[in-house]
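Peer 1: Take this structure, written in structure tokens, and hold onto it; I'll ask about it next.
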Amino acid sequence: MTTEAKTPLLERIPYQAILLGACAAIAAALLLGVDNATREPIAQRKMEDLQQSLAQVVPDDLHDNNMVAKPLLLTGTDGKEVKVYQGTKAGNVTALVWETVGFGYAGEIRTIIALDPEGKILGTRVLSHKETPGLGDKIEAAKDDWITKFTGLSLGNPPEDQWKVKKDGGQFDQFSGATITPRAVVKSLHAALQFFAAHKAEMLEVKP
Amino acid sequence: MSDYKRIAKDGLWDNNVVFAQGLALCPVLAVTSSATNGLGMGLASTAVLVMSNLLVSLIRQWVSPAVRIPVYIVLIATLVTLVDMALNAWVHELYKVLGLFIALIVVNCAILGRAESFASKNSPIPAVFDGLMMGLGFTLALVILGGVREVLGSGTLFASASLLLGKAFSFMELTIIPDYKGFLLMILPPGGFMALGFLLAGKRILDKRADVARERKAKAAVTPLTAGGAA
Chain S
1 MTTEAKTPLL
11 ERIPYQAILL
21 GACAAIAAAL
31 LLGVDNATRE
41 PIAQRKMEDL
51 QQSLAQVVPD
61 DLHDNNMVAK
71 PLLLTGTDGK
81 EVKVYQGTKA
91 GNVTALVWET
101 VGFGYAGEIR
111 TIIALDPEGK
121 ILGTRVLSHK
131 ETPGLGDKIE
141 AAKDDWITKF
151 TGLSLGNPPE
161 DQWKVKKDGG
171 QFDQFSGATI
181 TPRAVVKSLH
191 AALQFFAAHK
201 AEMLEVKP
Chain Y
1 MSDYKRIAKD
11 GLWDNNVVFA
21 QGLALCPVLA
31 VTSSATNGLG
41 MGLASTAVLV
51 MSNLLVSLIR
61 QWVSPAVRIP
71 VYIVLIATLV
81 TLVDMALNAW
91 VHELYKVLGL
101 FIALIVVNCA
111 ILGRAESFAS
121 KNSPIPAVFD
131 GLMMGLGFTL
141 ALVILGGVRE
151 VLGSGTLFAS
161 ASLLLGKAFS
171 FMELTIIPDY
181 KGFLLMILPP
191 GGFMALGFLL
201 AGKRILDKRA
211 DVARERKAKA
221 AVTPLTAGGA
231 A
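Protein sequences appear in the order of chains S and Y. Take 1 as the starting number for the first sequence in the UniProt record's numbering and just add one per residue. Take 1 as the starting number for the second sequence in the UniProt record's numbering and just add one per residue.
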């Protein structure tokens, strides 16, 4: 008992345990508070980001609704949920936008694709990827105009067997030193067009 | 040399986080594919370093040595998460550029290193100053490394700096070598190691020269009381 009484406060086990516990509790409380305060604005910012990426592929004069508000929920070929954003003008569907994922050299390549009601590509952009800088990153609109060359194409144009990169006998350029990346993008866009063909009726129905 | 001068010289050169201590190399090599990225990572780390040094210094009397490391880790991780959430919510444009780096700061051992070796032994004002200087030294190292890799790798310097700093800074975006085909190796991680190696060697050479010059000076000033420069 006497030795314990002589131990300085800082070296006592209960003090250390309480100190550590108190630190963790304060940290948790702070995180909880700030998370609560920021959850709303962060969701808002994410929505704005989505609107911005939609605006890249669908011109403003093509729709008069808020495309983000009521996405159509469909089931993709891989069983996952696909959110399709409809652009409508005067009550008619004018644009359909959704995200399609390809698997490139270094993981997922997320692409956003916009189609008109006939299934022609209005525009497409790569949202995120981890491809090699300087080789595979030419799929970004900021680095190269490669991605813009898909505008106006559809499932039958070019013909089915031409929806490939040149190396595989198709019509799309690959990049020197990087074939896997453009191949993945072409494949995912082609899959998106097929997805549209399979769900055309549902997609063209205006959601009330 | 006054204390603050010493701290500044330590942070910026003598004890530079990257060039002298060799700390935080993982985030350093990962983000320095361009000078702009280096600057972003450096500034974000500086902000966290200043705050963590201040807090650690404020609570240093109550933290017992046995549990200090977990306490500092909780503190730094909390701080980084708070900064991350706040930036995401209220300065979203900046967050989109810096977002990647902020998460990397948690694994930056330089911050824990300064908390342990300086802030926990000094009062708040020197601790904040040390955090600032160490952070600036870190930023300097990252910008130099990023700059070397960017010029050699893609022929530009500070490309897309205006995204990070605002439109007013677009004058910083330079094309050093026009029509450059690019030297991919420098952008990839191996190029980072190579550039870092050469920079470390360069710093050693400069330090050695400074030592030699100091010794010569000491010899020239033939004062019997001073026993030459400290090597």
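A virtual CB, placed ideally from N, CA and C, is assigned to each residue, including glycine.
Taking the beta strand (DSSP E) that S/LEU96 belongs to, which residues open and close that run?
Peer 2: Numbered from 1 along the first sequence, position 96 holds the residue referred to as residue 96 of chain S. Its beta strand (DSSP E) spans residues 92 to 104.
Peer 1: Please report the distance separating the alpha-carbon of S/THR38 from that of Y/ALA89.
Peer 2: Residue mapping note: residue 38 of chain S aligns to position 38 of the first sequence, counting from 1. Residue mapping note: residue 89 of chain Y aligns to position 89 of the second sequence, counting from 1. Their backbone Cα atoms lie some 6 Å apart in a straight line.
Peer 1: Taking a Cβ distance cut-off of 9 Å, strictly less, list which residues of the stretch 118 to 141 of chain S are near chain Y, in chain order.
Peer 2: Listed by position, the residues of the stretch 118 to 141 of chain S near chain Y (Cβ gap below 9 Å) are THR132, PRO133, GLY134, LEU135.
Peer 1: So, with DSSP's three-state summary, where would you put S/PHE175?
Peer 2: Position 175 of the first sequence, counting from 1, holds the residue named residue 175 of chain S. Here S/PHE175 sits in strand by DSSP.
Peer 1: Going along the chain, which residues of its own chain have a beta-carbon closer than 7 Å to the beta-carbon of S/TRP163, five neighbours each way excluded?
Peer 2: Position 163 of the first sequence, counted from the start, is the residue given in the question as residue 163 of chain S. Same-chain partners within the cutoff: GLY170, VAL186, HIS190.
Peer 1: Kindly indicate which three-state DSSP category S/LYS83 falls into: helix, strand or coil?
Peer 2: For the purposes of this step, residue 83 of chain S is taken as the residue at position 83 of the first sequence. Strand.
Peer 1: Am I right that Y/VAL17 and Y/ALA201 are in contact with their C-beta atoms under 8 Å? What's the rounded C-beta distance?
Peer 2: Numbered from 1 along the second sequence, position 17 holds the residue referred to as residue 17 of chain Y. Numbered from 1 along the second sequence, position 201 holds the residue referred to as residue 201 of chain Y. Incorrect: roughly 18 Å between the Cβ atoms, too far for contact.
Peer 1: Using a 10 Å radius around the Cβ and a threshold of 16 neighbouring Cβ atoms, would you call Y/VAL91 buried or exposed?
Peer 2: Taking the first residue of the second sequence as 1, we reach residue 91 of chain Y at position 91. Y/VAL91 comes out exposed.
Peer 1: Taking a cut of 7 Å between CB atoms, which residues from the stretch 32 to 56 of chain S lie near chain Y?
Peer 2: Residues VAL34, ASP35, THR38, PRO41, ILE42, ARG45.
Peer 1: At what residues does the alpha helix (DSSP H) containing residue 232 of chain Y begin and finish?
Peer 2: As shown, chain Y starts at 1 and ends at 231. That puts residue 232 of chain Y outside it, with no answer to give.
Peer 1: Using three-state DSSP, classify S/ASP126 as helix, strand or coil.
Peer 2: Walking along the first sequence from the start, residue 126 of chain S turns up at place 126. Checking the displayed sequence, the identity of residue 126 of chain S turns out to be Val instead of Asp. DSSP places S/VAL126 in strand when its eight states are reduced to three.
Peer 1: Counting only C-beta atoms, is S/ALA27 closer than 8 Å to chain Y at any point?
Peer 2: In the first sequence, residue 27 of chain S corresponds to position 27, counting from 1. Taking Cβ atoms only, chain Y reaches closer than 8 Å to S/ALA27, which makes this a yes.
Peer 1: Taking only three categories from DSSP, how would you classify S/GLY107?
Peer 2: Taking the first sequence and counting its residues from 1, one reaches residue 107 of chain S at position 107. Three-state DSSP puts S/GLY107 in a strand.
Peer 1: Nearest to Y/GLY99 by CA position, among Y/ASP207, Y/PRO190, Y/SER45, is which residue?
Peer 2: Working through the second sequence from its first residue, we reach residue 99 of chain Y at position 99. Nearest option by C-alpha distance: Y/SER45.
Peer 1: In angstroms with no decimal places, state the Cα-to-Cα distance between S/GLU202 and Y/TYR72.
Peer 2: Here residue 202 of chain S refers to the residue found at position 202 of the first sequence. Here residue 72 of chain Y refers to the residue found at position 72 of the second sequence. Roughly 55 Å between the two C-alpha positions.
Peer 1: When we look at the beta-carbon of S/PHE150 and count the other beta-carbons within 10 Å, is it buried (16 or more) or exposed?
Peer 2: Position 150 of the first sequence holds residue 150 of chain S. By the 10 Å Cβ count, S/PHE150 comes out buried.
Peer 1: Does the stretch 6 to 24 of chain Y touch the stretch 125 to 142 of chain S, meaning 3 or more C-beta pairs lie closer than 8 Å?
Peer 2: Contact fails: fewer than three Cβ-Cβ distances are below 8 Å.
Peer 1: Smallest Cα separation from Y/LEU54: which of Y/GLY42, Y/THR81, Y/GLY22, Y/ASN122?
Peer 2: Here residue 54 of chain Y refers to the residue found at position 54 when the second sequence is read from its first residue. Nearest of Y/GLY42, Y/THR81, Y/GLY22, Y/ASN122 to Y/LEU54, Cα basis: Y/ASN122.
Peer 1: Closest to Y/ARG60 by CA distance: which of Y/THR81, Y/SER120, Y/ALA86 is it?
Peer 2: Residue mapping note: residue 60 of chain Y aligns to position 60 of the second sequence, counting from 1. Ranking Y/THR81, Y/SER120, Y/ALA86 by Cα distance to Y/ARG60 puts Y/SER120 first.
Peer 1: What residues in its chain sit with their C-beta under 8 Å from that of Y/LEU25, if we drop five residues either side in the sequence?
Peer 2: Within the second sequence, numbered from 1, the residue matching residue 25 of chain Y stands at position 25. The answer, listed in chain order, is VAL18, LEU196.
Peer 1: Please give me, in chain order, every unbroken run of the alpha helix (DSSP H) with length at least 4 that falls completely inside the stretch 35 to 99 of chain Y.
Peer 2: As far as the stretch 35 to 99 of chain Y is concerned, its whole alpha helix (DSSP H) runs of at least 4 residues are 35 to 58, 68 to 90.
Peer 1: Are the Cβ atoms of residue 250 of chain S and S/SER188 separated by less than 8 Å?
Peer 2: An answer regarding residue 250 of chain S cannot be provided, because it is not within the stretch 1 to 208 covered by chain S.
Peer 1: I'd like to know if Y/ALA8 contacts chain S, where contact means its C-beta is closer than 8 Å to some C-beta of that chain.
Peer 2: Counting from one through the second sequence, the residue named residue 8 of chain Y turns up at place 8. So no, Y/ALA8 is outside the interface.
Peer 1: Any beta carbon of chain S sitting closer than 8 Å to that of Y/MET85?
Peer 2: Taking the first residue of the second sequence as position 1, residue 85 of chain Y is located at position 85. Yes, because at least one Cβ of chain S sits closer than 8 Å to the Cβ of Y/MET85.
Peer 1: Is the CB-CB distance between Y/GLY146 and Y/PHE183 below 8 Å?
Peer 2: Residue mapping note: residue 146 of chain Y aligns to position 146 of the second sequence, counting from 1. Residue mapping note: residue 183 of chain Y aligns to position 183 of the second sequence, counting from 1. No; because the gap between Cβ atoms is not below 8 Å, this pair is not in contact.
Peer 1: Is Y/SER123 helix, strand or coil when you go by DSSP?
Peer 2: To locate residue 123 of chain Y, count along the second sequence from 1; it is residue 123. DSSP places Y/SER123 in coil when its eight states are reduced to three.
Peer 1: Consult DSSP for S/THR38 and reduce its assignment to one of helix, strand or coil.
Peer 2: Working through the first sequence from its first residue, we reach residue 38 of chain S at position 38. Here S/THR38 sits in helix by DSSP.
Peer 1: Is S/LEU20 close to chain Y, meaning its C-beta is less than 8 Å from at least one C-beta of that chain?
Peer 2: Walking along the first sequence from the start, residue 20 of chain S turns up at place 20. Yes, S/LEU20 counts as interfacial toward chain Y.
Peer 1: For the stretch 33 to 60 of chain Y, list every residue whose C-beta sits within 7 Å of some C-beta in chain S, in sequence order.
Peer 2: Within the stretch 33 to 60 of chain Y, the qualifying residues are SER33.
Peer 1: Any beta carbon from chain Y within less than 8 Å of S/ALA24's own beta carbon?
Peer 2: Numbered from 1 along the first sequence, position 24 holds the residue referred to as residue 24 of chain S. Yes, S/ALA24 counts as interfacial toward chain Y.
Peer 1: In terms of residues, what are the limits of the alpha helix (DSSP H) holding S/LEU73?
Peer 2: Against the first sequence, residue 73 of chain S aligns to sequence position 73. Note, S/LEU73: premise wrong, no alpha helix (DSSP H); beta strand (DSSP E) at 72 to 75.
Peer 1: Are there 16 or more other CB atoms within 10 angstroms of the CB of Y/PRO27, so buried, or fewer, so exposed?
Peer 2: Indexing the second sequence from 1 puts residue 27 of chain Y at position 27. So Y/PRO27 counts as buried.
Peer 1: Is the CB of Y/LEU82 under 8 Å away from at least one CB in chain S?
Peer 2: Here residue 82 of chain Y refers to the residue found at position 82 of the second sequence. Yes, its Cβ sits closer than 8 Å to a Cβ of chain S.
Peer 1: If the criterion is Cβ atoms closer than 8 Å, does the pair S/MET67 and S/GLY87 meet it?
Peer 2: Taking the first sequence and counting its residues from 1, one reaches residue 67 of chain S at position 67. Taking the first sequence and counting its residues from 1, one reaches residue 87 of chain S at position 87. In contact: S/MET67 and S/GLY87 (Cβ atoms closer than 8 Å).
Peer 1: Excluding five sequence neighbours on each side, which residues of the same chain lie with their C-beta closer than 8 Å to the C-beta of S/LYS6?
Peer 2: Taking the first residue of the first sequence as position 1, residue 6 of chain S is located at position 6. Nothing meets the Cβ criterion.
Peer 1: Mind listing the chain Y neighbours of S/TYR15? Cutoff is C-beta to C-beta under 8 Å, in chain order.
Peer 2: Here residue 15 of chain S is taken as the residue at index 15 of the first sequence, counted from 1. Those are SER64, listed as they occur along chain Y.
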